[in-house]
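According to numbering that gives the first Met the number 0, the stretch in the sequence shown is residues 0 to 456, in order. Every residue gets a Cβ at the ideal spot worked out from N, C-alpha and C, and that includes glycine. First comes the structure, then the notes that go with it.
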Amino acid sequence: MLAKFKQRLHSRGNTAQKSAPVFSGIALLPSETLGGEIFPLVVHGKFRDDLWRRKLLALAGVCTQWRNIVHSTPLLWNQCICLDTHQFSRVGRFREERIVEKYFEAVRMCLTRSAPLPVSISIDWFALRGDRKDFARTVDIISDAAERIESLRTSIVGRNDIGVGILRALEGLPNGTLRALTTIDISFETDTSPHIDLMNAPHLRRVELRVGWNPIDVISIPWLQLTHVTLTAPPLACLAVLARCSNLVSAVLAVLQPMHTSLPDDLPLITATLMHLTSLCLSVSSKLLRAVGNLVLPALTTLELFMVWPKPAILSHLPLGNVRRLTLTMHGVVQTADLYALLRCTPGVTELKLTSYGVENTFLDVLRVDIPSTELLLPQLEMLRIHDTPIFSRHGSRSNSQVIVAFQAMIASRVSTGLRRLVYSPPEFEHSDSQLRDELMLAVAAFSVNGLHVEVL
0 MLAKFKQRLH
10 SRGNTAQKSA
20 PVFSGIALLP
30 SETLGGEIFP
40 LVVHGKFRDD
50 LWRRKLLALA
60 GVCTQWRNIV
70 HSTPLLWNQC
80 ICLDTHQFSR
90 VGRFREERIV
100 EKYFEAVRMC
110 LTRSAPLPVS
120 ISIDWFALRG
130 DRKDFARTVD
140 IISDAAERIE
150 SLRTSIVGRN
160 DIGVGILRAL
170 EGLPNGTLRA
180 LTTIDISFET
190 DTSPHIDLMN
200 APHLRRVELR
210 VGWNPIDVIS
220 IPWLQLTHVT
230 LTAPPLACLA
240 VLARCSNLVS
250 AVLAVLQPMH
260 TSLPDDLPLI
270 TATLMHLTSL
280 CLSVSSKLLR
290 AVGNLVLPAL
300 TTLELFMVWP
310 KPAILSHLPL
320 GNVRRLTLTM
330 HGVVQTADLY
340 ALLRCTPGVT
350 ELKLTSYGVE
360 NTFLDVLRVD
370 IPSTELLLPQ
380 LEMLRIHDTP
390 IFSRHGSRSN
400 SQVIVAFQAM
410 IASRVSTGLR
420 RLVYSPPEFE
430 HSDSQLRDEL
440 MLAVAAFSVN
450 GLHVEVL
């Protein structure tokens with residue numbers, strides 16, 4: 000029996016040796032196609048993420064040919080290169096110097112292999128981890144790659160003079176050295192306001208700052224050439240930056256206000272004209288919104304408001320006539336009459352997203368177009384998103400069954416005026432009520448066959 004088994008194994012081995020080798024189709028592709036088209040899809044995918052290094056290692060480990068392609072293709076190496084002192088291991092007050100050496104060597108290798116393409120650099124520097132020697136290495140790396148830095152992100156925590164020193168090193172570069180720099184993202188998690196000069200970046204367009212003071216006073220940036228600004232700062236600093244950047248295309252402003260403090264009633268009014276601003280996102284208080292309302296924004300088409308529900312009189316000062324996409328994330332109970340007053344000012348809206356943790360359960364009537372006694376609001380509405388907004392609200396006089404009937408009536412009337420998509424994401428207490436959810440699903444299911452795409456998340 001054992002002899003027969005050995006004979007069978009031997010015959011199978013001979014058969015395997017005689018069979019022709021099987022080649023994968025990808026092995027027949029030229030190196031230019033693999034490096035220029037296939038590998039970037041594998042490494043980057045649809046979205047760029049922090050796993051690109053692991054993906055490169057996996058590709059390089061397949062065979063010698065693939066490793067050579069990976070090492071010689073700059074497009075695979077110009078991801079965000081991180082200088083992170085958390086990578087420096089420590090035991091007590093000591094660290095493994097060999098690991099630190101290899102880390103900086105790996106960073107330099109990434110920069111070398113990415114040449115001559117532009118690169119993004121992220122610096123996470125914590126004084127308890129990095130020392131002066133590491134600082135000198137970091138400055139050398141940034142200085143060597145300065146002409147190719149397209150995006151720079153860093154944070155300054157506490158009394159971290161090393162983080163400030165890295166930015167000061169950029170100041171000392173010859174004018175025009177940072178010609179590739181288009182984006183900076185700096186977080187100052189400190190009460191101090193270091194003076195920083197980035198005027199030697201002639202193509203800087205995007206700035207993201209998180210500061211506790213007015214950046215215009217201490218940061219020299221070519222404000223007039225900026226097109227995109229994201230700012231978290233005290234109220235007056237937000238106003239000052241918005242007034243200074245006259246060529247903005249988009250702006251995101253979040254007010255950083257200490258607790259138990261209030262804004263003065265006599266805030267300065269901004270009278271600037273921003274001819275190119277198309278998108279504005281405001282996370283502000285009602286008083287600051289009143290000051291912003293004096294801006295002239297002829298091109299504004301996208302407006303996002305994150306705030307406590309303001310008085311309608313304040314909203315009337317905003318330039319809402321040309322807005323097409325409106326996002327309202329409101330705190331506090333939203334009165335139906337106030338919502339009606341706001342939507343009257345936005346006749347051109349085609350996309351509306353409403354998030355409010357407290358509304359009257361009659362608010363759906365504002366969106367109906369079949370009530371003779373009411374004015375037609377948002378006549379061009381094509382997409383409606385209602386997120387975390389309880390349509391079965393306890394505020395109001397309607398029962399749950401009456402709310403469902405009103406919801407159906409609103410949808411039916413809107414389909415006739417061009418509504419193409421409705422997304423409803425109920426708050427947690429509605430989501431956990433299976434009976435309410437089932438009733439709602441049945442209420443909207445019939446409209447899907449009439450050209451309306453309905454989602455209940």
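Legend entry - Test: Thr277 CB closer than 8 Å to a CB of chain C: Absent from the structure is chain C; it holds one protein chain and no more.
Legend entry - For Leu276, the three-state DSSP class (helix, strand or coil): In the sequence shown, the residue the question calls residue 276 occupies position 277. Here Leu276 sits in coil by DSSP.
Inset, instruction - Take Leu33 as the anchor and find which of Arg52, Asn67, Leu50 and Asp143 has the nearest alpha-carbon. - result: For this step, residue 33 is matched to residue 34 along the sequence shown. Answer by Cα proximity: Asn67.
Legend entry - Alpha carbon of Gln434 to alpha carbon of Met409, nearest angstrom: Walking along the sequence shown from the start, residue 434 turns up at place 435. Walking along the sequence shown from the start, residue 409 turns up at place 410. Rounded to whole angstroms, Gln434 to Met409 spans 21 Å at the Cα level.
Inset, instruction - Rounded to whole angstroms, what's the CA-CA distance from Arg243 to Leu302? Just pull it up for me. - result: Here the question's residue 243 lines up with position 244 in the sequence shown. Here the question's residue 302 lines up with position 303 in the sequence shown. Computed Cα separation, rounded: 20 Å.
Inset, instruction - Closer than 8 Å by C-beta to Thr277: which residues in its own chain qualify, once you throw out the five before and the five after it? Chain order, please. - result: Along the sequence shown, one-based indexing puts residue 277 at 278. Answer for Thr277: Val248, Ser249, Ala298, Leu299, Thr300 and Thr301, listed in chain order.
Inset, instruction - Can you grab the Cα-Cα spacing for the pair Gly91 / Ser284, in whole Å? - result: To locate residue 91, count along the sequence shown from 1; it is residue 92. To locate residue 284, count along the sequence shown from 1; it is residue 285. Bear in mind that a pLDDT of 46 at Gly91, under 50, signals an unreliable position, so the number given afterwards is only what the model happens to contain. C-alpha separation (whole angstroms): 46 Å.
Inset, instruction - Inspect the beta-carbon positions of Leu380 and Leu351 and report whether they are closer than 8 Å. - result: For the purposes of this step, residue 380 is taken as the residue at position 381 of the sequence shown. For the purposes of this step, residue 351 is taken as the residue at position 352 of the sequence shown. It is a contact, given that the beta carbons lie within the stated cut-off.
Inset, instruction - State the Cα-Cα distance for the pair Leu325 and Arg367, rounded to the nearest angstrom. - result: For this step, residue 325 is matched to residue 326 along the sequence shown. For this step, residue 367 is matched to residue 368 along the sequence shown. Whole-angstrom Cα-Cα distance: 18 Å.
Legend entry - Buried or exposed by the 16-neighbour rule on C-beta atoms within 10 Å, applied to Met198: Start at 1 with the first residue of the sequence shown, and residue 198 comes out as number 199. When all chains shown are included, Met198 counts as exposed.
Inset, instruction - Starting from the N-terminal side, write out each stretch of the beta strand (DSSP E) that is 3 residues or longer and does not extend beyond the region 161-215. - result: 182-188 and 205-209
Inset, instruction - Starting from the C-beta of Glu96, find all residues in its chain whose C-beta is less than 7 Å away, skip the five residues before and the five after it, and write them out in chain order. - result: Numbered from its first residue, the sequence shown carries residue 96 at position 97. Taken in chain order, the list of residues that qualify is empty.
Inset, instruction - Could you check what DSSP says for Val307 in three-state terms: helix, strand or coil? - result: Mapped onto the sequence shown, residue 307 falls at position 308. If DSSP states are grouped into helix, strand and coil, Val307 belongs with the strands.
Inset, instruction - Measure the C-alpha to C-alpha separation of Ser415 and Ala253 and round it to an integer number of angstroms. - result: Residue mapping note: residue 415 aligns to position 416 of the sequence shown, counting from 1. Residue mapping note: residue 253 aligns to position 254 of the sequence shown, counting from 1. Approximately 38 Å between the Cα atoms of the pair.
Inset, instruction - Measure the C-alpha to C-alpha separation of Glu31 and Val455 and round it to an integer number of angstroms. - result: The residue given as residue 31 occupies position 32 in the sequence shown. The residue given as residue 455 occupies position 456 in the sequence shown. So the two alpha carbons sit approximately 46 Å from each other.
Legend entry - Residue nearest to Pro29 in terms of C-alpha spacing, selected from Ala57, Trp51 and Trp65: Mapped onto the sequence shown, residue 29 falls at position 30. The residue with the shortest Cα to Cα distance from Pro29 is Trp65.
Inset, instruction - Name the residue from Glu188, Thr270 and Ser424 whose alpha carbon lies nearest to the alpha carbon of His316. - result: Taking the sequence shown and counting its residues from 1, one reaches residue 316 at position 317. Closest by alpha carbon: Thr270.
Inset, instruction - Kindly give me the distance between the Cβ atoms of Leu498 and Leu225, rounded to whole angstroms, as I take these residues to be in contact under 8 Å. - result: Examination of residue 498 is not possible in this model, given that the chain is present from 0 through 456 alone.
Legend entry - Same chain only: Cβ atoms within 6 Å of Cys109, ignoring 5 sequence neighbours per side: Indexing the sequence shown from 1 puts residue 109 at position 110. For Cys109, where only same-chain residues beyond five positions count, the Cβ hits under 6 Å are Trp76 and Ile80.
Legend entry - CB of Arg147 within 8 Å of CB of Pro117, strictly: As a position in the sequence shown, residue 147 is number 148, starting the count at 1. As a position in the sequence shown, residue 117 is number 118, starting the count at 1. Their beta carbons are under 8 Å apart, which means Arg147 touches Pro117 by this criterion.
Legend entry - Through-space distance from Asp184 to Glu207, alpha-carbon basis: As a first step, residue 207 is located in the sequence shown; it is residue number 208 there, counting from the start. As a first step, residue 184 is located in the sequence shown; it is residue number 185 there, counting from the start. Cα to Cα, Glu207 sits roughly 5 Å from Asp184.
Inset, instruction - Ignore the nearest five residues each way along the sequence and tell me which others in Thr345's own chain have a CB closer than 6 Å to its CB. - result: Taking the first residue of the sequence shown as position 1, residue 345 is located at position 346. So the list reads Leu319, Val322 and Leu325, once near-sequence residues are dropped.
Legend entry - CB-CB length for Val240 against Leu230, believed under 8 Å: Here the question's residue 240 lines up with position 241 in the sequence shown. Here the question's residue 230 lines up with position 231 in the sequence shown. With a Cβ gap of about 6 Å, Val240 and Leu230 count as contacting.
Legend entry - Own chain partners of Met329 with C-beta closer than 6 Å, once the 5 adjacent residues on each side are dropped: Position 330 of the sequence shown, counted from the first residue, corresponds to residue 329. Closer than 6 Å at Cβ, skipping near neighbours: Trp308 and Ser355.
Legend entry - Same chain only: Cβ atoms within 8 Å of Ala145, ignoring 5 sequence neighbours per side: Numbered from 1 along the sequence shown, position 146 holds the residue referred to as residue 145. Only Leu169, Leu172, Thr176 and Leu177 meet the Cβ criterion.
Legend entry - Member of Pro201, Ala236, His227 and Ala200 whose CA lies at the smallest distance from the CA of Ile215: For the purposes of this step, residue 215 is identified with residue 216 of the sequence shown, where counting begins at 1. Nearest C-alpha to Ile215: Ala236.
Inset, instruction - Would you identify the three-state DSSP class for Ile80, choosing helix, strand or coil? - result: In the sequence shown, residue 80 corresponds to position 81, counting from 1. Looking at Ile80 - three-state DSSP - the assignment turns out to be strand.
Legend entry - Asn213 versus His194, Asp196 and Pro233, residue with shortest Cα-Cα distance: Here residue 213 is taken as the residue at index 214 of the sequence shown, counted from 1. With distances taken between Cα atoms, Asn213 lies closest to Pro233.
Legend entry - Same chain, Cβ closer than 8 Å to Arg204, neighbours up to 5 away in sequence not counted: For this step, residue 204 is matched to residue 205 along the sequence shown. Same-chain partners within the cutoff: Thr181, Thr182, Gln224, Leu225, Thr226 and His227.
Inset, instruction - Using the Cα positions of Thr72 and Thr137, report the straight-line distance between them to the nearest angstrom. - result: Locating residue 72 in the sequence shown gives position 73, where the first residue counts as 1. Locating residue 137 in the sequence shown gives position 138, where the first residue counts as 1. In a straight line, the C-alpha of Thr72 is about 25 Å away from that of Thr137.
Inset, instruction - Use the C-beta contact count for Leu238: other C-beta atoms within 10 angstroms, 16 or more gives buried, fewer gives exposed. - result: One-based indexing of the sequence shown puts residue 238 at position 239. The residue in question, Leu238, is buried, as its Cβ has 16 or more Cβ neighbours within 10 Å.
Inset, instruction - May I have the straight-line CA-CA distance separating Arg167 from Asp196, to the nearest angstrom? - result: Working through the sequence shown from its first residue, we reach residue 167 at position 168. Working through the sequence shown from its first residue, we reach residue 196 at position 197. Cα to Cα, the separation comes out at about 8 Å.
Legend entry - 6 Å Cβ shell around Ala200 - same chain, five flanking residues per side excluded: Here the question's residue 200 lines up with position 201 in the sequence shown. The residues are Leu177 and Leu180.
Inset, instruction - Please list, in chain order, all residues of the same chain as Gly460 whose beta carbon is under 8 Å from its beta carbon, the five residues on each side excluded. - result: There is no way to answer for residue 460, as the model of the chain reaches only from 0 to 456.
Inset, instruction - Please report how far the alpha carbon of Asp139 lies from the alpha carbon of Val251, in whole angstroms. - result: As a first step, residue 139 is located in the sequence shown; it is residue number 140 there, counting from the start. As a first step, residue 251 is located in the sequence shown; it is residue number 252 there, counting from the start. Rounded to whole angstroms, Asp139 to Val251 spans 34 Å at the Cα level.
Legend entry - Helix, strand or coil at Val90 according to DSSP, with G and I counted as helix: What you label residue 90 is simply residue 91 of the sequence shown in a count that begins at 1. The pLDDT assigned to Val90 is 45, lower than 50, so where the model puts this residue is not dependable; a value taken from the coordinates is nonetheless given after this. In this structure, Val90 counts as strand in the three-state DSSP scheme.
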